[in-house]
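Numbering (the working numbering), first residue to last: 19 to 113.
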């Protein structure tokens, strides 16, 4: 799945709240053992450079959160951000 293409589907004005919420889900997740070390390294690298506000950073964040908390991620997209098409794209890509 190309997470960057999915991020491109998210309107720019909703990306800040999107990144804040996904970061919150990721940091509170009890499923951290599911994250491969390479993804954790990429995530930490993005965090250090504070680049969760661009498409690449959001794609890394989305990939990590979809891996650890897929239900919360898609529910947030559908209900809070009203982005059912984005949630559907994630569900189809991870099925």
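No residue lacks a Cβ here, since even glycine has one placed at the ideal position from N, Cα and C.
Give the list of continuous alpha helix (DSSP H) stretches no shorter than 4 residues that lie fully inside the segment 45-94. 55-66, 73-86, 88-93
Going by DSSP, what residue range makes up the alpha helix (DSSP H) through residue 30? Counted from its first residue, the chain shown places residue 30 at position 12. For residue 30, there is no enclosing alpha helix (DSSP H), since its DSSP letter is neither H nor E.
Best match in 99, 104, 21, 26 for proximity to residue 38 [C-alpha to C-alpha]: For this step, residue 38 is matched to residue 20 along the chain shown. Here the closest residue by C-alpha is 99.
Taking only the alpha-carbon atoms, compute the straight-line gap between residue 31 and residue 71 and give it to the nearest angstrom. Looking up residue 31 in the chain shown gives position 13. Looking up residue 71 in the chain shown gives position 53. Each residue's alpha carbon lies about 11 Å from the other.
Find out if the Cβ-Cβ distance for the pair residue 24, residue 101 is shorter than 8 Å. As a first step, residue 24 must be located in the chain shown, where it is residue number 6. As a first step, residue 101 must be located in the chain shown, where it is residue number 83. No, these two residues do not count as a Cβ contact at 8 Å.
Assuming residue 22 and residue 74 make a contact with CB atoms under 8 Å, what is their CB distance in whole Å? Looking up residue 22 in the chain shown gives position 4. Looking up residue 74 in the chain shown gives position 56. Rounded, the Cβ-Cβ distance is 7 Å, consistent with contact.
Can you round the beta-carbon distance between residue 41 and residue 79 to whole angstroms, since I take them to be within the 8 Å contact cut? For the purposes of this step, residue 41 is taken as the residue at position 23 of the chain shown. For the purposes of this step, residue 79 is taken as the residue at position 61 of the chain shown. Right, their Cβ atoms sit about 6 Å apart.
Is the Cβ-Cβ distance between residue 47 and residue 95 less than 8 Å? Counted from its first residue, the chain shown places residue 47 at position 29. Counted from its first residue, the chain shown places residue 95 at position 77. Not closer than 8 Å, so no.
Can the beta-carbon of residue 61 be found less than 8 Å from the beta-carbon of residue 77? Here the question's residue 61 lines up with position 43 in the chain shown. Here the question's residue 77 lines up with position 59 in the chain shown. Cβ atoms of residue 61 and residue 77: not closer than 8 Å.
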